[in-house]
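Following this line, the structure appears as structure tokens:
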């Protein structure tokens with residue numbers, strides 16, 4: 467682990483501000499999600515990468531009940547033609 471020399475105070479609501487230079491270097495923007503995990507005595511923040519929950523593809527994703535699903539897996543799940551099923555979840559339809 468790399469030491470940064472930066473420290474941040476936890477506020478009264480339990481929030482910690484991630485410094486702007488760190489957000490920029492990791493490509494973290496307002497509204498992005500960070501996954502939080504614990505390893506030994508460390509709290510680890512990792513930028514969430516949107517990917518299909520089944521095949522981990524990052525292309526042609528749609529959100530369904532809080533999970534990302536790609537067009538291919540959605541077609542397989544429905545047992546029907548991929549394009550027709552995908553159109554059912556399309557925002558334009």
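Numbering (the working numbering), first residue to last: 467 to 559.
Virtual Cβ for every residue (Gly too), placed ideally from N, Cα, C.
These numbers come from a predicted model, not from an experiment.
Which value, in whole angstroms, describes the spacing of the CA atoms of residue i and residue j?
| i | j | result |
| --- | --- | --- |
| residue 507 | residue 528 | 36 Å |
| residue 530 | residue 500 | 19 Å |
Just to check my reading of the structure: residue i and residue j have Cβ atoms closer than 8 Å, yes? What is that Cβ distance to the nearest angstrom?
| i | j | result |
| --- | --- | --- |
| residue 498 | residue 513 | 6 Å |
| residue 494 | residue 484 | 7 Å |
Could you check where the beta strand (DSSP E) with residue i kicks off and where it finishes?
| i | result |
| --- | --- |
| residue 536 | 533-536 |
| residue 501 | 500-505 |
| residue 508 | 508-513 |
| residue 529 | 527-530 |
Return the first residue and the last residue of the alpha helix (DSSP H) that residue i is part of.
| i | result |
| --- | --- |
| residue 491 | 486-492 |
Are residue i and residue j close, meaning C-beta to C-beta below 8 Å?
| i | j | result |
| --- | --- | --- |
| residue 516 | residue 524 | yes |
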